[in-house]
Amino acid sequence: AYKFNQSINQWVTTNCCYYSWINLHEWRQCTSSQHRVRYSESVEDGSIIFSLSGVAFLLADAQGFFADRELFFERIKKFITIHRNGFLLLSAAHHGPEEWNVTFKVQQRFLGSNLRIIPVHNTAEAIKLMLTIAKTTSKPYLDNIRYRMLMAKTQIVEQSSVWKMLQSQLDFSLINIT
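With the UniProt record's numbering, letter number 15 in the sequence shown gets 15, and the count goes up by one each step, no holes.
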């Protein structure tokens, strides 16, 4: 479940992650941001799913590409077939030429799929990124943004000098017709 509290602009959701991936550091970060984490053995290793936002993330280390390229690609392929709105978080301490080459190879291999690749440097950055993407794609947050944009548009139109001029011209032309 998720909830959105407009008064303090707080967003809380339950996300599901593979139980072997998360460690104490990540657990503290998720719970400190008031997110409930549910563990599941049925989720792919390294995956985090925000089911109500409709997004899934696969955390992969760039070094895994060098260890076993086919296993690396198989994992990504399986992830893509399961999740329509998926992000690959490619983790490396430093994104040098080798790591950018890995990103390029993954992009080439999965060109035309709905996979989005995002380079990250550490777990803290990855968690912050996942929470930001999941928050901005959640229904209550989108509804709130749409409502605020509609209210701003209404206020701009009502207070616009151009709108007032057009309104007065319309009133003038209606008087001349009668």
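C-beta atoms are modelled at their ideal positions from N, C-alpha and C, and glycine is treated no differently.
- When the beta-carbon positions are compared, residue 60 and residue 91 come within less than 9 Å of each other.
- For the options 138, 144 and 78, the alpha carbon positioned closest to that of residue 50 is the one of 138.
- A check of alpha carbon separations from residue 69 across 56, 109 and 95 identifies 109 as the nearest.
- The alpha helix (DSSP H) runs lying completely inside the stretch 69-111 and spanning 4 residues or more are 69-82 and 97-109, given in chain order.
- Within the same chain, 85 come within 6 Å of residue 54 by CB-CB distance, once the 5 residues on both sides are set aside.
- The bridge partners DSSP lists for residue 59 are 89.
- With a cutoff of 9 Å on beta-carbon distance, residue 58 and residue 89 are scored as near each other.
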